[in-house]
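J.: Starting off with a structure, shown below.
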Amino acid sequence: MKLDVTALRYLSKDDLRVLTAVEMGMKNHEMVPTTLICSISGLRYGGVDRGLRELHKHKLLHHEQRGYDGYRLTNLGYDYLALAALSKRDSITRIGNRLGVGKEADVYHAETGDGEHVVIKIHRLGR
């Protein structure tokens, strides 16, 4: 699966808080209920609901409604969390083209805040 980071720049801080809350909820739950996402993120239900819809639209979350209403992170969601953390620390400012695909990882060209060219290796378990 090709990494598309165009949506990362359009995600708000609240969207990233919701994404982080889902990740934290997945430590104890396979599917994280909306009420738990609200309590972990510290946002009101309206903000969480808007964030969940936005994240689901970009396929960062999977919504399960059969028997149990909950959300879980997709592999793309984990990638966005990692890239958002690197971007927040100003370690990565730009993601370039994919350099290669192996049996366990994808390799991308990137640029740091200093203009230095680096390589990012994103592991893909279970490919």
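FYI, in UniProt numbering the residues of the sequence shown are 1 to 127.
The beta carbon of each residue, even a glycine, is placed where N, CA and C say it ideally should be.
1. Would you mind giving the Cβ-Cβ distance between His109 and Gly100, rounded to the nearest angstrom? I have them listed as a contact below 8 Å.
2. Check whether the Cβ atoms of Leu52 and His63 lie closer than 9 Å to each other.
3. Per DSSP, what kind of secondary structure is Arg17 in: helix, strand or coil?
4. Is residue 128 helix, strand or coil by DSSP?
5. Report yes or no: do three or more beta-carbon pairs, one from the stretch 67-78 and one from the stretch 32-39, lie closer than 8 Å?
6. Tell me Arg94's beta-bridge partners as DSSP assigns them.
7. Expressed to the nearest angstrom, what Euclidean distance is found between the alpha-carbon atoms of Met26 and Leu11?
8. Going by DSSP, what residues sit across from Arg72 in a beta bridge?
9. Exposed or buried, which one is Asp4 when buried takes at least 16 other CB atoms within 10 Å?
T.: The short version:
1. About 10 Å separates the two Cβ atoms, so there is no contact after all.
2. yes
3. helix
4. Past the edges of the chain, shown from 1 to 127, lies residue 128, and the structure says nothing about it.
5. yes
6. Residue pairing of Arg94 in beta bridges, as defined by DSSP: Glu111.
7. Taking the straight line from one Cα to the other gives about 21 Å.
8. Partner(s): His62.
9. exposed
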